[in-house]
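Using the numbering used here, the letters of the sequence shown correspond one by one to residues 1023 to 1290. Glycine included, each C-beta is placed from N, C-alpha and C at the ideal position. Please read all numbers here as calculations on a predicted model, not as lab measurements. Below is one structure; the comments refer to it alone.
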Amino acid sequence: MTPLISRTDIETYARDGVVFLRGLFADHVQGLRAGVARNMAQPGPYAAENLQKHETGRFFDDYCNWQRIPEFEAACHDAAILDAAADLMQSDRVQLFHDHVLVKEPGTSKPTPWHQDAPYYFVEGCQLISFWVPLDPVKEATLRCVAGSHLWPKPVLPTRWLAETNFYPDSDAYMPVPDPDTEEMDIREFEMQPGDAIAFHYGVLHGARGNTAATRRRAFSLRLLGDDARYVARPGPTSPPFPGHDMTPGQSLRSDWFPILLDRATGR
1023 MTPLISRTDI ETYARDGVVF LRGLFADHVQ GLRAGVARNM AQPGPYAAEN
1073 LQKHETGRFF DDYCNWQRIP EFEAACHDAA ILDAAADLMQ SDRVQLFHDH
1123 VLVKEPGTSK PTPWHQDAPY YFVEGCQLIS FWVPLDPVKE ATLRCVAGSH
1173 LWPKPVLPTR WLAETNFYPD SDAYMPVPDP DTEEMDIREF EMQPGDAIAF
1223 HYGVLHGARG NTAATRRRAF SLRLLGDDAR YVARPGPTSP PFPGHDMTPG
1273 QSLRSDWFPI LLDRATGR
C-alpha cells in the first residue's frame, strides 16, 4: 500500500465500489484545465453536445484524447495516481483504458443520466477503476454514486444520453435504469475542490445533477484497468468503439493500444 491509500479505503472500495480521495490530482489541476480548453477548441471525433433544443446551457463531453493532449497524458503517468489505482483495485498492473472530459457550463439544466459505465464498454472484470476529478469547486453538480451497485446481479441497460434510447436491444441480460432517489438507494456524493477525486468501479451506478451554479463544472475522468480485465463482446457497438481492435473474448486488452502504465510484478 502507498501512504495515500489506507486499508479502510481498500475495504470501502471493494464493498461500496466508490471512495473519495482528497487532492489526488491536485498537481494536475492547471494542466488539465489547459487540456480541457484545448479539447473544447479542437474536439475529437467522439465529441458530443448533450442537450436537446429545449434544454439550457451547454453540456460538452469527449473522450480518448490523451494521445493528442499532453496534459491528459501527464496525468495518466503520475506515479501517485497509478499507485492509488493499483492499491484500490488490489492489482499489480495498471493499464490505460481511456480519458473522458465532461463540461457543464453555468445554467446547464440537463442532468447526467443514471448509468453504469461497464455495459457501454467492451471490458469486464473485478479490477476496474475510474477517477472522476473536478477542475472547479462542485456542490450540487458533483458526481453521485450508488454504493454497492457494482455487485448487483444484473447490469443496467445502457442508454444514449441525447436520444434517450436504449444502447443495445432489450435483453434479459440487463435491468431497467432505476431511480435511486425515489427508491431510497444509498447515494454517495461529496462537495469537492479542484483536484479531489472520486474513485469508482465501472459497475457503479452514477449520475450528476445539472449545473445551476454561476460557475462552470469541468471534470476530467481517467479510466484504468487491472490484472483481471478482459475483452468481452457486447450485443451491439460499444462506447468508446475503438474500431479495428481485433481482440477476441477473454483476451487481455492489447497493450499497444492500451498502454501498461504500472506493473509491480516486473518493477516497471
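Those residues which DSSP pairs with residue i across a bridge
{"i": "PHE1153", "result": "ALA1221, LEU1244"}
{"i": "ILE1209", "result": "VAL1168"}
{"i": "MET1062", "result": "DSSP lists no partner for MET1062."}
{"i": "ASP1252", "result": "The sequence as given places Arg at residue 1252; Asp does not occur at that position. According to DSSP, ARG1252 bridges with GLU1146."}
{"i": "GLU1071", "result": "PHE1082"}
{"i": "PHE1042", "result": "ILE1220"}
{"i": "MET1214", "result": "VAL1160"}
{"i": "ASP1293", "result": "Beyond the ends of the chain as shown, which are 1023 and 1290, falls residue 1293; an answer cannot be given."}
{"i": "ASP1285", "result": "ARG1115"}
{"i": "LYS1176", "result": "According to DSSP, LYS1176 bridges with nothing at all."}
{"i": "ASN1188", "result": "THR1181"}
{"i": "THR1130", "result": "ASN1233"}
Check whether residue i and residue j have beta carbons under 8 Å apart
{"i": "HIS1310", "j": "CYS1167", "result": "Only positions 1023 to 1290 of the chain appear in this structure, which leaves residue 1310 out of reach."}
{"i": "TYR1196", "j": "PRO1141", "result": "yes"}
{"i": "GLY1217", "j": "VAL1155", "result": "yes"}
{"i": "GLY1097", "j": "PHE1047", "result": "Before going on, a small fix: residue 1097 reads as Ala here, not Gly. Cβ distance < 8 Å, so ALA1097 and PHE1047 count as in contact."}
{"i": "ASP1158", "j": "ARG1240", "result": "yes"}
{"i": "LEU1165", "j": "ALA1230", "result": "yes"}
{"i": "LEU1110", "j": "ALA1221", "result": "yes"}
{"i": "VAL1226", "j": "VAL1199", "result": "no"}
{"i": "PRO1271", "j": "ALA1255", "result": "yes"}
Candidates the options, of which the one nearest residue i by Cα
{"i": "VAL1116", "options": "ASP1139, ILE1151, VAL1145, PRO1141", "result": "ILE1151"}
{"i": "THR1078", "options": "ALA1287, ARG1256, GLY1129, CYS1098", "result": "GLY1129"}
{"i": "ALA1106", "options": "PRO1025, ARG1080, ALA1063", "result": "PRO1025"}
{"i": "GLU1071", "options": "LYS1161, CYS1086, GLU1127, VAL1226", "result": "GLU1127"}
{"i": "ASP1084", "options": "SER1243, THR1270, LEU1275, GLY1266", "result": "SER1243"}
{"i": "PHE1094", "options": "VAL1058, PRO1159, ILE1103", "result": "VAL1058"}
{"i": "ASP1114", "options": "LEU1246, PRO1198, GLY1045", "result": "LEU1246"}
{"i": "LYS1161", "options": "TYR1190, PHE1212, ALA1236", "result": "PHE1212"}
{"i": "THR1134", "options": "PHE1264, MET1214, GLY1232", "result": "GLY1232"}
{"i": "PHE1074", "options": "ILE1032, SER1131, GLY1045, ARG1060", "result": "Residue identity differs from the one stated: residue 1074 is Gln in this sequence, not Phe. Closest by alpha carbon: SER1131."}
{"i": "VAL1125", "options": "PRO1175, VAL1051, ARG1238", "result": "ARG1238"}
{"i": "PHE1081", "options": "ALA1056, ARG1210, THR1234, ASP1278", "result": "THR1234"}
{"i": "LEU1281", "options": "ARG1044, ARG1055, CYS1086", "result": "The sequence shown places Pro at residue 1281, rather than the Leu named in the question. Considering only alpha carbons, the answer is CYS1086."}
{"i": "ASP1049", "options": "TRP1088, ASP1201, HIS1099, TYR1224", "result": "HIS1099"}
{"i": "ALA1063", "options": "VAL1051, GLY1045, ILE1091, ARG1044", "result": "ILE1091"}
{"i": "PHE1153", "options": "TYR1190, TRP1279, ALA1102", "result": "ALA1102"}
As assigned by DSSP and simplified to three states, the class of residue i
{"i": "ARG1239", "result": "strand"}
{"i": "PHE1280", "result": "coil"}
{"i": "ASP1203", "result": "coil"}
{"i": "ALA1163", "result": "coil"}
{"i": "MET1197", "result": "strand"}
{"i": "LEU1054", "result": "helix"}
{"i": "ALA1230", "result": "strand"}
{"i": "ASP1031", "result": "helix"}
{"i": "PRO1135", "result": "strand"}
{"i": "LEU1110", "result": "helix"}
{"i": "GLU1093", "result": "helix"}
{"i": "PRO1263", "result": "coil"}
{"i": "ARG1037", "result": "helix"}
{"i": "LEU1026", "result": "coil"}
{"i": "PRO1271", "result": "coil"}
{"i": "PRO1257", "result": "coil"}
{"i": "ASP1049", "result": "helix"}
Beta carbon proximity, residue i to chain D, threshold 8 Å
{"i": "CYS1086", "result": "Checking the listed chains, one finds no chain D in this structure; it contains a single protein chain."}
* Asked: Taking one C-beta from the segment 1131-1149 and one from the segment 1234-1254 each time, how about it: are there three or more such pairs within less than 8 Å?
  -> yes
* Asked: Can we say the segment 1168-1184 touches the segment 1032-1042, given the rule of at least three CB pairs closer than 8 Å?
  -> yes
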